[in-house]
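Chains as they are written, first to last, in the numbering used here: chain W, 131 to 333; chain P, 131 to 333. For glycine and all other residues, C-beta sits at the position ideal for the given N, C-alpha and C.
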């Protein structure tokens, strides 16, 4: 197996943090997103959608999409469980993983990609008005998340899960998007400090 | 259990088609999206994100997010399998389910929500330039999908899966977004005719 990785971008980092939590080491190849290497002919042959990460299996099958790659590793290495075990737990984790993606990671990404000058070559056309429209959505969702985190240590319940990995990566991605967690959201701040202190956060 | 459903909107339909494929019948309550009933106090207490579908379990747990709800039913009723069984199959189905969402359903949704006058009360602010930016993305992805479907009957392989359900709903959602599958994409047309002919498509 080989993992095509992509430096500081949020999706490759999700997979690295997931692998670190599982204690899995993997041969990787860096794709230089700064040089738009994901759009090269060589990488387009790996993933026609020109995105990282991508995992090439020993039989040549290419898996893309961070969460599909993570779930594949979860099935091969079930411990520690990061997607849940019993049906209700699995569904609640998936619900929160998706809520975090749809209402935090993607809006932050829209702000970054449509608002940051460095993304002009990757996001064509940039629509600055769409970046602006997403800023209040990020803050609205963080307020909702703060209320949820008042009653529990992790995003989907009492245990660390893949939803926390998406959450960590999303909040850290706010910095290049020039967004910040408001100080009064103390539960989000506490949760972010906790997940950032795990060794996997360095991945 | 009770399912909060939402008429013609694509996400509630995903769950209905999934349940029809499984042969599961479920008590449902319609949430009138045309009257913005998803933003009512009563429904906000069910899902603070004010979106349908939502599934209330007998213990009071609320599951939202179409795919989390579908996976919950998959775990309770494994046959027929719609998320796959072996790790690689599960991962390939999830990869395609997400590719269809991210590169077809969401761009179509951006076109509809930011471009259609009827959505002015739901998408605030509407950004028509963002709707325009997403139109070529829809067509680019459909061309890629057409090449993929040359070699297989269904989106993720030889068997109908949840990726086909997301695909069906996405293509049907193109109509209110005033988009059409180009006639030369004969593999997409053939696939769409096949999945539309299944009894579940009427759900």
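- Per DSSP, residue 135 of chain W is one residue of the beta strand (DSSP E) stretching across 132-135.
- From the beta-carbon of residue 233 of chain W, the residues of chain P found nearer than 9 Å are 179.
- Residue environment analysis places residue 194 of chain W among the buried positions, since at least 16 neighbouring C-beta atoms fall within 10 angstroms of its C-beta.
- Assigned with DSSP and collapsed to three states, residue 159 of chain P falls in strand.
- Chain W places no beta carbon closer than 8 Å to that of residue 321 of chain P, leaving this residue out of the contacts.
- For the pair residue 281 of chain P and residue 322 of chain W, the Cα-to-Cα distance works out to about 45 Å.
- Taking CB atoms only, residue 225 of chain W has a neighbour in chain P less than 8 Å away.
- The stretch 261-275 of chain P makes no contact with the stretch 206-222 of chain W, as fewer than three CB pairs between them are under 8 Å.
- Taking a beta-carbon distance threshold of 8 Å, residue 154 of chain W does not count as an interface residue toward chain P.
- For the C-beta of residue 151 of chain W, not a single chain P residue is nearer than 9 Å; the gap to the nearest is close to 18 Å.
- Listed along the chain, the chain W residues whose CB falls inside 8 Å of the CB of residue 201 of chain P are 220, 221 and 224.
- Beyond the five residues adjoining it in sequence on each side, residue 157 of chain W comes within less than 6 Å, by CB distance, of 132 in the same chain, given in chain order.
- Taking the C-beta atoms as reference points, residue 325 of chain P is found no nearer than 8 Å to residue 333 of chain P.
- Within chain P, the C-beta atoms nearer than 7 Å to that of residue 194 of chain W come from 225, in chain order.
- DSSP places residue 191 of chain W outside both helix and strand once states are collapsed to three, so it counts as coil.
- Residue 272 of chain W sits close to residue 311 of chain W, with the two beta carbons spaced by under 8 Å.
- Pairing residue 304 of chain P with residue 232 of chain P, the inter-Cα distance amounts to about 15 Å.
- With a threshold of 8 Å between beta carbons, residue 263 of chain W makes contact with chain P.
- Per DSSP, residue 309 of chain P lies in no alpha helix (DSSP H) segment and is marked neither H nor E.
- Taking a beta-carbon distance threshold of 8 Å, residue 146 of chain P does not count as an interface residue toward chain W.
- Closest option to residue 252 of chain W, judged by alpha-carbon separation, among W:148, W:164, W:320 and W:306: W:164.
- Under the criterion of beta carbons closer than 8 Å, residue 245 of chain P and residue 261 of chain P qualify as touching, at roughly 3 Å.
- Between the alpha carbons of residue 139 of chain P and residue 257 of chain P lies a distance of about 20 Å.
- Contact between residue 235 of chain W and residue 296 of chain W holds: CB atoms are separated by about 6 Å, below the 8 Å threshold.
- Under the DSSP assignment, residue 179 of chain W falls outside any beta strand (DSSP E); it carries neither an H nor an E label.
- Contact note: residue 293 of chain P does not reach chain W at a C-beta cutoff of 8 Å; the least C-beta distance is about 11 Å.
- Following the DSSP letters along the chain, one finds residue 299 of chain P inside the alpha helix (DSSP H) bounded by residues 292-303.
- Residue-level contact by beta carbon fails for residue 158 of chain P and chain W, as no gap is shorter than 8 Å.
- Contact annotation: residue 150 of chain P and residue 230 of chain P have beta-carbon atoms that are not nearer than 8 Å.
- Residue environment for residue 248 of chain P: exposed (fewer than 16 other C-beta atoms within 10 angstroms of its C-beta).
- CA-CA distance, residue 177 of chain W to residue 185 of chain W, rounds to 10 Å.
- Relative to the Cα of residue 141 of chain P, the nearest Cα in the group P:283, P:198 and P:203 belongs to P:198.
- Distance between residue 170 of chain P and residue 162 of chain P, taken at the CA atoms: about 10 Å.
- Just so you know, the alpha carbons of residue 307 of chain W and residue 241 of chain W end up roughly 6 Å apart.
- Chain-order list of chain P residues neighbouring residue 198 of chain W: 221, 224, 225 and 228, by C-beta distance under 7 Å.
- DSSP places residue 186 of chain W in the strand class (E or B) of the three-state scheme.
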